[in-house]
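A short worksheet on the structure shown next.
Protein chains: 2
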Amino acid sequence: MSNATSWDQIDTPAACVDMNVAEANVRAYQAYCNQHGLDLRPHIKTHKLPSLADYQIAQGAVGITCQKISEAEAMLDGMRTKDVDLLITYNILGAAKVARLKALSQRCRLSVVADNATVIAGLAAGFDASAPLDVYVECNTGADRCGVDSAEAALQLADQINAAAGLRFAGLMTYPPAGKIAEVRHWFAEAQAVFAAKSVAIPRITTGGSPDMWQAHEMDLADELRVGTCVYNDRSLVERGTAKWQNCALTVLATVVSVPAENRAVIDAGSKVLTSDQLGLNGHGAVLGRDDIVIDSLSEEHGRLVSDGPIDLQVGDKLRIVPNHVCVVVNMLDELVEIRDGQVIGPLPVAARGQVR
Amino acid sequence: MSNATSWDQIDTPAACVDMNVAEANVRAYQAYCNQHGLDLRPHIKTHKLPSLADYQIAQGAVGITCQKISEAEAMLDGMRTKDVDLLITYNILGAAKVARLKALSQRCRLSVVADNATVIAGLAAGFDASAPLDVYVECNTGADRCGVDSAEAALQLADQINAAAGLRFAGLMTYPPAGKIAEVRHWFAEAQAVFAAKSVAIPRITTGGSPDMWQAHEMDLADELRVGTCVYNDRSLVERGTAKWQNCALTVLATVVSVPAENRAVIDAGSKVLTSDQLGLNGHGAVLGRDDIVIDSLSEEHGRLVSDGPIDLQVGDKLRIVPNHVCVVVNMLDELVEIRDGQVIGPLPVAARGQVR
Chain A
1 MSNATSWDQI
11 DTPAACVDMN
21 VAEANVRAYQ
31 AYCNQHGLDL
41 RPHIKTHKLP
51 SLADYQIAQG
61 AVGITCQKIS
71 EAEAMLDGMR
81 TKDVDLLITY
91 NILGAAKVAR
101 LKALSQRCRL
111 SVVADNATVI
121 AGLAAGFDAS
131 APLDVYVECN
141 TGADRCGVDS
151 AEAALQLADQ
161 INAAAGLRFA
171 GLMTYPPAGK
181 IAEVRHWFAE
191 AQAVFAAKSV
201 AIPRITTGGS
211 PDMWQAHEMD
221 LADELRVGTC
231 VYNDRSLVER
241 GTAKWQNCAL
251 TVLATVVSVP
261 AENRAVIDAG
271 SKVLTSDQLG
281 LNGHGAVLGR
291 DDIVIDSLSE
301 EHGRLVSDGP
311 IDLQVGDKLR
321 IVPNHVCVVV
331 NMLDELVEIR
341 DGQVIGPLPV
351 AARGQVR
Chain B
1 MSNATSWDQI
11 DTPAACVDMN
21 VAEANVRAYQ
31 AYCNQHGLDL
41 RPHIKTHKLP
51 SLADYQIAQG
61 AVGITCQKIS
71 EAEAMLDGMR
81 TKDVDLLITY
91 NILGAAKVAR
101 LKALSQRCRL
111 SVVADNATVI
121 AGLAAGFDAS
131 APLDVYVECN
141 TGADRCGVDS
151 AEAALQLADQ
161 INAAAGLRFA
171 GLMTYPPAGK
181 IAEVRHWFAE
191 AQAVFAAKSV
201 AIPRITTGGS
211 PDMWQAHEMD
221 LADELRVGTC
231 VYNDRSLVER
241 GTAKWQNCAL
251 TVLATVVSVP
261 AENRAVIDAG
271 SKVLTSDQLG
281 LNGHGAVLGR
291 DDIVIDSLSE
301 EHGRLVSDGP
311 IDLQVGDKLR
321 IVPNHVCVVV
331 NMLDELVEIR
341 DGQVIGPLPV
351 AARGQVR
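Line by line, the protein sequences are chains A and B. Counted from 1, the first sequence has number 149 at position 149 by full-length UniProt numbering; the numbering is strictly sequential. Counted from 1, the second sequence has number 52 at position 52 by full-length UniProt numbering; the numbering is strictly sequential.
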């Protein structure tokens with residue numbers, strides 16, 4: 001594949017990224033944020049590419065978001081941008097990880113989040129006043145994952161952070177539930193009132209989520225957005241109306257290896273490429289140009305395609321598939337195939353793949 | 001993690017393999033096959049470890065099964081066994097892949113499968129009589145994935161294989177549906193009759209599937225079994241009654257990073273470790289010792305745990321999780337943690353991880 005110069009020569013299965021589309025996606029959302037006075041801090045979990053993070057910052061992003069320390073380390077290893085502003089939206093726990101966080105803080109402008117006193121105490125033990133760490137309090141605005149449930153609980157943690165010599169309260173962070181902008185706005189309005197009553201400043205409010213990305217300005221209390229998926233887009237965002245098929249930068253190229261029945265075919269991409277993430281959708285991806293086909297089951301190396309009538313595919317046919325959830329597909333492969341101006345450029349190593357710690 | 005010498009020092013999330021359990025699983029199933037006069041050709045997709053494949057062969061396996069060429073290449077690169085007998089149970093298609101297959105055939109005793117004339121023609125073009133390739137015909141015995149639907153169709157492909165100078169018909173292969181041993185037996189009995197009527201020998205019948213592994217002898221027409229998952233076992237096999245919890249060699253070690261509500265906790269292992277494979281089960285893995293907990297949702301780096309009553313977990317607690325489907329978990333990580341005699345040995349690189357082509 002490294003010598004591939006045309007689509008025909010791409011060895012399948014492969015995940016192909018049209019970099020023109022990806023860069024257009026970056027510019028379009030940066031323009032939206034500029035228009036609405038919002039800071040953009042893209043989550044790199046979708047692309048995991050230092051070069052694309054550099055591009056995002058060059059277009060106006062204030063920094064990047066990572067989810068784990070190892071992911072941040074891999075990104076900094078590859079990025080050309082100096083003095084990156086980097087937020088890790090995760091509870092970092094344990095002395096070993098806090099030591100790595102300390103080392104990381106010397107390579108970038110670092111901030112993290114916390115939603116409990118144990119995590120804050122651990123961070124406080126690893127940092128001192130000479131180089132304090134910025135810590136956001138994570139708030140549960142309805143997604144019911146991490147985050148404190150009330151403004152009062154957030155204030156209590158903010159006080160704990162401000163009381164630690166090595167920490168600075170940076171503001172409030174949330175990963176919001178989709179389709180609930182009014183509720184998220186209400187949550188933060190209440191938090192502002194509770195904090196103001198105790199004269200505790202909230203330096204910044206940061207929120208995320210590609211599903212509601214074009215309505216983010218309606219949640220007018222946020223300073224910053226941390227969208228990830230929209231750099232490539234995927235079937236879940238198209239089905240939601242957030243993106244169109246032509247905005248999907250990543251497609252999985254697969255070959256039909258068997259047509260064992262009139263209404264059934266099998267491709268060489270299974271869960272090791274497409275993953276089992278369904279995000280509530282029917283099937284395991286959209287076959288471009290073939291709305292009649294459902295990828296109805298995956299095993300590790302086989303994808304099964306079915307249709308109501310004759311499937312009209314031949315062994316050897318190649319198909320392009322928009323995955324349900326693009327972030328997890330990127331994480332499956334050591335390298336993607338880069339496309340520019342319709343040309344196959346070559347392999348694109350996924351620098352921060354598989355970084356879970 | 002590379003310096004970890006105790007469980008406490010393992011950085012989480014991590015997938016830990018108790019090699020004593022894995023080796024006992026290998027020996028137990030080899031003994032079953034020996035008792036019933038069955039050849040065992042384990043599928044390496046579960047462990048992806050050359051050293052464990054060597055162990056399987058040393059215990060009596062006749063060879064190994066791989067699913068893709070790249071997987072076979074990675075295994076041979078690392079194995080110490082000389083002259084490995086290696087079956088790739090996949091339709092290999094396209095000149096580039098057939099050329100790689102040819103190169104592979106010079107490194108081992110190789111066989112492949114085919115379920116259509118296009119694949120056979122491609123193989124025939126790449127091999128010649130000086131070193132013919134063994135080709136099985138894949139049969140659909142009810143799993144409705146790949147495979148020909150009838151004994152007559154199988155015979156037609158066997159004839160095509162035997163007519164090609166560079167190919168040899170090796171026999172019939174199936175990936176059987178679970179719980180349908182009688183039906184699979186019936187399929188092959190019919191095939192034997194159809195082939196015998198035309199005086200075409202079936203050198204070998206090979207079948208697979210861990211779910212029915214302990215009943216495999218009832219399908220008494222098979223010469224060979226290609227089980228994979230049972231080297232480690234997982235929640236799906238325990239729930240099916242095929243294995244017990246103590247036979248599960250791989251557990252995911254995770255840390256509780258948040259307890260945001262009385263009945264909810266969040267661990268640092270999400271779909272990037274546990275994957276979204278549910279195999280029909282409720283939740284995303286079994287928390288050992290905590291039957292009351294369900295891992296009810298995963299995002300990439302978060303696993304959400306819920307219980308009916310108080311969840312009784314503290315931030316910092318470590319949990320061991322038996323995944324629903326172990327093969328796909330192994331594929332997520334560049335390295336596992338090897339455990340022997342209760343001791344942490346160190347990192348175990350997953351040599352054939354992510355090999356999809």
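Beta carbons are placed, not taken as given, at the ideal position from N, Cα and C, and that holds for glycine.
Among the options, nearest to residue i - alpha-carbon criterion
i	options	result
B/I69	B/L93, B/T81, B/Y136 and B/A165	B/L93
A/I10	A/L348, A/V356 and A/V137	A/L348
B/V180	B/K198, B/R240, B/V200 and B/G142	At residue 180 of chain B the sequence reads Lys, which differs from the Val that was named. Of the candidates B/K198, B/R240, B/V200 and B/G142, the one whose C-alpha sits nearest the C-alpha of B/K180 is B/G142.
B/G60	B/Y232, B/M79, B/T118 and B/A28	B/A28
A/D159	A/G342, A/W214 and A/I202	A/I202
B/N116	A/G280, A/T206, A/Q56 and A/V315	A/V315
A/V119	A/S105, A/G147, A/S276 and A/A131	A/G147
A/A163	A/F188, A/D128, A/A196 and A/Q192	A/D128
B/R25	B/T275, B/W214, B/L221 and B/L87	Correcting the residue type first, residue 25 of chain B is Asn in the shown sequence and not Arg. Taking only the C-alpha atoms, the option nearest B/N25 is B/W214.
B/Q278	B/D312, B/V266, B/D291 and B/D234	B/D234
B/D312	B/D291, B/L87, B/D212 and B/Q56	B/D291
B/E218	B/A15, B/I57 and B/Y32	B/Y32
A/A95	A/A124, A/L221 and A/Q67	A/A124
A/R204	A/A196, A/L221, A/K198 and A/D212	A/L221
Buried or exposed (CB count within 10 angstroms, at least 16 for buried), residue i
i	result
A/A351	buried
B/G354	buried
B/G309	exposed
residue 401 of chain A	Residue 401 of chain A lies beyond the range of chain A shown here (1 to 357); nothing can be said about it.
A/R340	exposed
A/E183	exposed
B/R264	buried
A/L288	exposed
B/K82	exposed
A/R145	buried
B/G342	exposed
A/R80	exposed
A/A189	exposed
For residue i, the three-state DSSP class (helix, strand or coil)
i	result
A/G78	helix
B/N20	helix
A/H284	coil
A/T242	coil
B/N91	strand
A/P13	coil
B/L38	coil
B/S70	helix
A/P347	strand
A/L49	coil
B/V26	helix
B/S2	Caution applies to B/S2, whose pLDDT of 46 falls short of 50 and renders its modelled position unreliable; the value that the coordinates give is listed next. DSSP places B/S2 in coil when its eight states are reduced to three.
B/V84	coil
A/A165	coil
Cutoff 8 Å; reference residue i; Cβ partners in own chain excluding five residues on either side
i	result
B/V62	D39, L40, R41, D85 and E224
A/G208	H43, T65, T89, T174, Y175, P176, L225, R226, V227 and G228
A/N34	G60
Close Cβ partners of residue i (< 6 Å) along its chain, the five nearest in sequence each way excluded
i	result
A/V98	G122 and G126
B/G270	L298, S299, E300, E301, H302 and G303
B/W7	none
B/E134	Sequence check: residue 134 of chain B is Asp here, not Glu. Closer than 6 Å at the Cβ level, and outside the excluded window around B/D134, lie S111, R168 and A170.
A/A249	V17, D18, V21, A22 and Y232
Neighbourhood of residue i by C-beta, 7 Å cutoff - its chain only, sequence neighbours within 5 removed
i	result
B/V194	A151, E152 and L155
A/T12	L253, A254, T255, D268 and K318
A/S210	V227, G228, T229, C230, L237 and T242
B/D296	G283, R304 and V306
A/E338	V17, M19, I345, G346 and L348
B/R100	I69
A/K272	E300, E301 and M332
A/C327	K45, T46, G228 and T229
A/S2	Low confidence applies here, because A/S2 scores a pLDDT of 46, under 50, leaving its location unreliable; read the following figure in that light. For A/S2, where only same-chain residues beyond five positions count, the Cβ hits under 7 Å are G346 and P347.
A/L104	I69, A72, E73 and L110
Point to revise | Contiguous alpha helix (DSSP H) assignments of at least 4 residues, all confined to the UniProt domain "D-serine dehydratase-like" (249-340) of chain A | key: Runs found: 326-330.
Practice item. Note down, one range per segment and in chain order, each alpha helix (DSSP H) of at least 4 residues found wholly within the stretch 172-237 of chain B. Key: With a minimum length of 4 residues, the continuous alpha helix (DSSP H) runs that stay inside the stretch 172-237 of chain B are 181-197.
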